[in-house]
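Participant: So the sequence shown is residues -24 to -1, 1 to 460, counted in mature numbering (1 follows the signal peptide of the UniProt record, and there is no 0).
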Amino acid sequence: MARARFPGELCCCIFFSLLCCSYASPSRRPLISNSSGGVITHLPGFQGPLPFHLQTGYVEVDKTNGVRLFYYFTRSERSPADDPLMLWLTGGPGCSVLTGLAYEIGPLSFDVNGYVDGLPKLVYNKHSWTKVCNIIFLDSPVGAGFSYSNTLQGYISSDTKAIDQILIFLQKWFDEHPQFKSNPLYIAGDSYSGKIVPAVASEIARGKEGGREPNFNLKGYLVGNPVTDYNFDDPSRIPFAHGMGIISDEIYESYKKSCSVGDSSHQSIECMNSLHSIQECLKGICPNHVLEPLCAFASPHARKMETKPKLNSGTREMLQLQEYTADAELHLSEISLQCRTAGYIMSSIWANNASVREALGIHKGTVPSWSRCNYYIPYTSDIPTTVKYHLDVTTKGYRSLVYSGDHDMVIPYIGTQAWIKTLNFSIVDRWRPWFVDRQVAGFTRSYSNNLTFATVKGGGHTAPEYMPSQCFAMFARWVSGDPL
């Protein structure tokens, strides 16, 4: 997920006001056990014992402010001692990694049609990436999911601060789990974590070169529909919309003629008229997946917002329309099950239940209300481009997979291909289809320096959520070193 570019002062004021109310109540003061985490065999909402190994816990990454990052750890269902270990990050910034665990690549998913003992029903995901990989799902930055700080100052974050805290997390996590130090390590994530993943991989690679400890066994990284550079991501939306048949040839040609990139033509009347025509075409289009319904009115908050995505407003503003629905204060019966947001609301119901929190080992009083995406975190995007990190890591010989759901208008594959082209890598395996069950699952191209790019046919902004079996096959082949 990518977040809207709200004024920083407004975000800080709202977020700190909510936190102050929380800390003011003695009953809300954190109650912290000495244990850093534990193995979970049963979860409310899941019938019977869990058919996989799940551990949850916290790692302190800032002692001064008491910042603790929450994680879910799932062992590989194949060979935990030998299979790779992957750190998975979710976007936003501010979205909980429960999104990745329960909606994308983890061993659990919500059954939107079922309840167990009054709670949303959880079922086993047969397309879980844990079939071939150990995965740490991390709530980062602080303020996302169940991660928290003991001070208001600790919640102030940024790209660079989040990266530093992730590196501290990894060091301490390996100290607590030394049996996984020798496993091949991959850093991964999608959406806004495309800003974080390659930078974390780059820092680890530099540490290995400099002989710093701990010496992580980094092998590579992977990113899906990654926020990378707004100079590539944002301008790709209008060509994408044209290619998808959302805007006509005439409107597109008028836009290209009147809105030249790199000058002041966007201020001209002709350009503004072209952009207005494009906006009219986008009414009712879901940017996350252009073929799905736009369900922006599932939340009372969303009703106050404009209901059409703005192609010229930046990555995060586009995506927030759909994300607001995740925190709807409505009953599921009020939301069409055709809306993906119905499933998102189930996570809020589940994660805010007392028995669920007790089972997960959540520190009492730390997160009064769990949100799928917390957009009020005082967060600064201080890394304008990650192209340099991609170049740095891949030229050092580490493997990389960049994949794109081909129906995503938030981070269209067109922009992703454009920045990959600037790396000037030679093509090793030319553009070709890749298959799952003898059907075309997407298209792929391989480059020198172990870089693979793949589209996921029919995929949206979070591709595994839309095309789970295809994405599992893609990952399983890639992580095993096999061609797609």
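No residue lacks a Cβ here, since even glycine has one placed at the ideal position from N, Cα and C. Note that the structure is predicted; figures quoted are calculated from it, not measured.
Can you tell me whether DSSP reads residue 423 as helix, strand or coil?
Facilitator: As a working note, residue 423 is residue 447 in the sequence shown. Strand.
Participant: What distance in whole Å lies between the Cβ atoms of residue 209 and residue 67, which are believed to be in contact at a cut-off of 8 Å?
Facilitator: Start at 1 with the first residue of the sequence shown, and residue 67 comes out as number 91. Start at 1 with the first residue of the sequence shown, and residue 209 comes out as number 233. About 13 Å; that fails the 8 Å criterion.
Participant: Thinking C-alpha only, which one of 220, 253, 228, 245 is nearest residue 267?
Facilitator: Start at 1 with the first residue of the sequence shown, and residue 267 comes out as number 291. When only C-alpha atoms are compared, the closest one is 220.
Participant: Going by other Cβ atoms of all chains shown within 10 Å of its Cβ, with 16 needed for buried, is residue 191 buried or exposed?
Facilitator: Residue numbering aside, residue 191 sits at position 215 when the sequence shown is read from its first letter. So residue 191 counts as exposed.
Participant: Go ahead and pull the three-state DSSP assignment for residue 329.
Facilitator: The residue you call residue 329 lines up with position 353 of the sequence shown. Three-state DSSP puts residue 329 in coil, outside helix and strand.
Participant: Can you check whether the CB of residue 69 is closer than 9 Å to the CB of residue 168?
Facilitator: Residue 168 sits at position 192 when you count from the first residue of the sequence shown. Residue 69 sits at position 93 when you count from the first residue of the sequence shown. Yes, the pair counts as a contact, with Cβ atoms nearer than the cut-off.
Participant: Who are the near neighbours of residue 361 in its chain, counting only those whose CB is closer than 6 Å to its CB and skipping five residues on each side?
Facilitator: For this step, residue 361 is matched to residue 385 along the sequence shown. 205.
Participant: Do you know offhand how far residue 37's Cα is from residue 437's?
Facilitator: In the sequence shown, the residue the question calls residue 37 occupies position 61. In the sequence shown, the residue the question calls residue 437 occupies position 461. If I take the Cα positions, the gap works out to 30 Å.
Participant: From this set, 25, 77, 171, 157, which residue's C-alpha is nearest residue 189's C-alpha?
Facilitator: As a working mapping, residue 189 is identified with position 213 in the sequence shown. Residue 189 has its Cα closest to that of 157, out of 25, 77, 171, 157.
Participant: With a CB to CB cut of under 7 Å and the five nearest residues on each side skipped, what residues in its chain are close to residue 215?
Facilitator: As a position in the sequence shown, residue 215 is number 239, starting the count at 1. Closer than 7 Å at Cβ, skipping near neighbours: 390.
Participant: Who pairs with residue 38 in a beta bridge, going by DSSP?
Facilitator: Looking up residue 38 in the sequence shown gives position 62. For residue 38, which the question treats as bridged, DSSP gives the partners 43.
Participant: Assign residue 305 to one of three DSSP states: helix, strand, or coil.
Facilitator: Along the sequence shown, read from residue 1 onward, the residue named residue 305 stands at position 329. Caution is warranted here: a pLDDT of 46 is assigned to residue 305, below 50, making its placement in the model unreliable, and no coordinate value can be reported.
Participant: Classify residue 65 as helix, strand or coil using the three-state DSSP reduction.
Facilitator: One-based indexing of the sequence shown puts residue 65 at position 89. Three-state DSSP puts residue 65 in a strand.
Participant: Does residue 95 have its Cβ less than 9 Å from a Cβ in chain B?
Facilitator: Note that chain B does not occur in the displayed structure, where there is just one protein chain.
Participant: By how many angstroms is the C-alpha of residue 71 removed from the C-alpha of residue 195?
Facilitator: Locating residue 195 in the sequence shown gives position 219, where the first residue counts as 1. Locating residue 71 in the sequence shown gives position 95, where the first residue counts as 1. If you take the alpha carbons of residue 195 and residue 71, they lie about 26 Å apart.
Participant: From residue 300 to residue 443, what does the alpha carbon distance come to, in whole angstroms?
Facilitator: Translated into positions along the sequence shown, residue 300 becomes position 324. Translated into positions along the sequence shown, residue 443 becomes position 467. Any reading at residue 300 must be qualified, since the residue scores a pLDDT of 43, below 50, and its modelled position is unreliable; no value is offered.
Participant: Is the beta carbon of residue 121 closer than 9 Å to that of residue 350?
Facilitator: The residue you call residue 350 lines up with position 374 of the sequence shown. The residue you call residue 121 lines up with position 145 of the sequence shown. Taking 9 Å as the cut-off, the beta carbon of residue 350 is found closer than this to the beta carbon of residue 121.
Participant: Could you tell me if residue 385 is buried or exposed, where buried requires 16 or more neighbouring beta carbons within 10 angstroms of its beta carbon?
Facilitator: On the sequence shown, position 409 is the one that residue 385 refers to. Counting Cβ neighbours within 10 Å, residue 385 comes out buried, since at least 16 surround it.
Participant: Do residue 329 and residue 20 have their C-beta atoms within less than 9 Å of each other?
Facilitator: Residue mapping note: residue 329 aligns to position 353 of the sequence shown, counting from 1. Residue mapping note: residue 20 aligns to position 44 of the sequence shown, counting from 1. Cβ distance < 9 Å, so residue 329 and residue 20 count as in contact.
Participant: Whose C-beta lies closer than 6 Å to the C-beta of residue 413 among residues of the same chain, with five residues either side of it excluded?
Facilitator: Within the sequence shown, numbered from 1, the residue matching residue 413 stands at position 437. Result list for residue 413: empty, nothing under 6 Å.
Participant: Tell me which same chain residues have a C-beta within less than 6 Å of the C-beta of residue 325, skipping the five on either side of it?
Facilitator: As a first step, residue 325 is located in the sequence shown; it is residue number 349 there, counting from the start. The answer, listed in chain order, is 96.
Participant: To which residues of the same chain is residue 338 closer than 6 Å at the C-beta, ignoring the five residues directly before and after it?
Facilitator: Reading the sequence shown from its first residue, position 362 is the one you call residue 338. 122.
Participant: Just how far apart, CA to CA, sit residue 492 and residue 394?
Facilitator: Any answer about residue 492 is impossible in this case: the structure gives the chain only from -24 up to 460.
Participant: Take residue 228 and list the residues in its own chain whose beta-carbon comes closer than 6 Å to its own, dropping the five residues that flank it on each side.
Facilitator: Counting from one through the sequence shown, the residue named residue 228 turns up at place 252. Counting only Cβ-Cβ distances below 6 Å, and skipping sequence neighbours, we find 218.
Participant: Determine whether the beta carbon atoms of residue 211 and residue 366 lie at a separation below 9 Å.
Facilitator: Residue mapping note: residue 211 aligns to position 235 of the sequence shown, counting from 1. Residue mapping note: residue 366 aligns to position 390 of the sequence shown, counting from 1. For residue 211 and residue 366, no; Cβs fall outside 9 Å.
Participant: According to DSSP, is residue 257 helix, strand or coil?
Facilitator: Indexing the sequence shown from 1 puts residue 257 at position 281. Residue 257: helix per DSSP, three-state reduction.
Participant: Determine which residues share a DSSP beta bridge with residue 110 and list them.
Facilitator: As a first step, residue 110 must be located in the sequence shown, where it is residue number 134. 61, per the DSSP bridge assignment.
Participant: If you scan the segment 342 to 367 from start to end, which runs of the alpha helix (DSSP H) of 4 or more residues do you find wholly inside it?
Facilitator: Entirely contained in the segment 342 to 367, not one alpha helix (DSSP H) run reaches 4 residues.
Participant: State the DSSP-derived secondary structure class of residue 455, mapped to helix, strand or coil.
Facilitator: Reading the sequence shown from its first residue, position 479 is the one you call residue 455. Correct three-state label for residue 455: helix.
Participant: Use the C-beta contact count for residue 248: other C-beta atoms within 10 angstroms, 16 or more gives buried, fewer gives exposed.
Facilitator: Here residue 248 corresponds to residue number 272 of the sequence shown, with the count starting at 1. By the neighbour-count rule (16 or more Cβ atoms within 10 Å), residue 248 is not buried but exposed.
Participant: If you draw a straight line from the C-alpha of residue 125 to the C-alpha of residue 106, how long is it?
Facilitator: Taking the first residue of the sequence shown as position 1, residue 125 is located at position 149. Taking the first residue of the sequence shown as position 1, residue 106 is located at position 130. Their backbone Cα atoms lie some 30 Å apart in a straight line.
Participant: Residue 130 to residue 43, Cα distance in whole Å?
Facilitator: Counting from one through the sequence shown, the residue named residue 130 turns up at place 154. Counting from one through the sequence shown, the residue named residue 43 turns up at place 67. As the crow flies, the alpha-carbon of residue 130 is around 6 Å from that of residue 43.
Participant: Drop a sphere of 10 angstroms on the beta-carbon of residue -18, count the other beta-carbons inside from all chains shown, and report buried for 16 or more, exposed for fewer.
Facilitator: Along the sequence shown, read from residue 1 onward, the residue named residue -18 stands at position 7. Bear in mind that a pLDDT of 40 at residue -18, under 50, signals an unreliable position, so the model cannot answer this.
Participant: When burial is assigned at 16 or more other CB atoms within 10 Å of the CB, is residue 78 buried or exposed?
Facilitator: For the purposes of this step, residue 78 is taken as residue 102 along the sequence shown, with counting starting at 1. Residue 78 should be labelled buried.
Participant: What does the alpha-carbon distance come out to for the pair residue 435 and residue 397?
Facilitator: The residue you call residue 435 lines up with position 459 of the sequence shown. The residue you call residue 397 lines up with position 421 of the sequence shown. Between residue 435 and residue 397, the C-alpha separation is close to 22 Å.
Participant: Below 9 Å between beta carbons: does that hold for residue 34 and residue 198?
Facilitator: Your numbering for residue 34 matches position 58 in the sequence shown. Your numbering for residue 198 matches position 222 in the sequence shown. Their beta carbons are not under 9 Å apart, which means residue 34 does not touch residue 198 by this criterion.
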